[in-house]
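Read in order, the letters of the sequence shown correspond to residues 1 to 209 in the UniProt record's numbering. For every residue, glycine included, the Cβ atom is placed at its ideal position computed from N, Cα and C. Note that this is a predicted model, so its numbers are computed, not measured.
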Amino acid sequence: MTPRHALIQIAAIGFAALATACSRGPEPAPTSAAHPASSASSALPHSGAPKVEHPLPASVLAGDPCQTALTEAQVGRIITTAPPGKPRTAARLGPTCDWHNIDSGAAVRVGYVTEDHQGLSAVYQNSQPKVKVWRPLPPIQGLPAVAFSDFEGIGLNSTCQVSFGTSDDLSVDVTITLGESKIGKVDPCGVAAQAAEIVATNLRQRAGS
């Protein structure tokens, strides 16, 4: 295996590993039929997650993130090319889109977390105890956000996820995997925060705000 292909393989493994580590944990217990929404929302936020003071309407997360999260030009700015997005559905989370630059190994993933109805509270509860890098961020477009990664130290760190809450019970995950030429030179959490800023701006535009 050539060094170039080895680096791409490492980046791909890191991307998958972070996605696995950032699982939101066990599916929440069903709420009572009489008060499903109020029961879920009354317990949020929890586990130290910040409250979303100015939430966006749930409708901004409707549909396919391949069509609504990033434009083709924006994907090109993030990973230098604009490959077609590959939609999928993450179990117990919601719709997700992957854009992957095969030549460099760079990738960006955007997930609309619409199924667990725990918002950032699930990230604080399930991911914070496991990850090596945990970095609360300034609000992104007025929305609370946190960056985290399974890899500690910029020299080995190729993957980072930023999650931001659009409401107390809904959130968005933006995951970046660096291309081989950037590993050890660029902070992936910084790139992920920039990508999350673009996604949040697009969602605000969808909301008309």
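Secondary structure of residue i, DSSP reduced to three states
i	result
T81	coil
S149	strand
A69	coil
R204	helix
A90	strand
R184	Checking the displayed sequence, the identity of residue 184 turns out to be Gly instead of Arg. Of the three classes helix, strand and coil, the one that applies to G184 here is coil, per DSSP.
G48	coil
S59	helix
A192	helix
E197	helix
Cα-Cα separation, residue i to residue j
i	j	result
K132	S163	16 Å
S59	A207	8 Å
H201	I79	Checking the sequence shown, residue 201 turns out to be Thr, not His. About 18 Å.
R109	E197	14 Å
V172	K185	27 Å
D103	V75	15 Å
S45	P84	The sequence given here has Pro at residue 45, not Ser. Straight-line Cα distance between these residues: approximately 36 Å.
Q128	L203	26 Å
V191	P87	22 Å
P57	T68	15 Å
CB of residue i within 8 Å of CB of residue j, strictly
i	j	result
L137	A193	yes
L170	G119	yes
residue 211	A107	Residue 211 is absent from the structure shown; the chain starts at 1 and stops at 209.
T175	Q161	yes
S149	C97	no
P65	P95	yes
S167	P55	yes
E180	G105	yes
S47	Q125	yes
heavy atom of the ligand ADP below 7 Å from residue i C-beta
i	result
Y112	Here there are no bound small molecules, and the ligand ADP is not part of this structure.
To test your reading of the DSSP string, which unbroken alpha helix (DSSP H) runs of 4 or more residues are found completely within the region 95 to 180? 120 to 126
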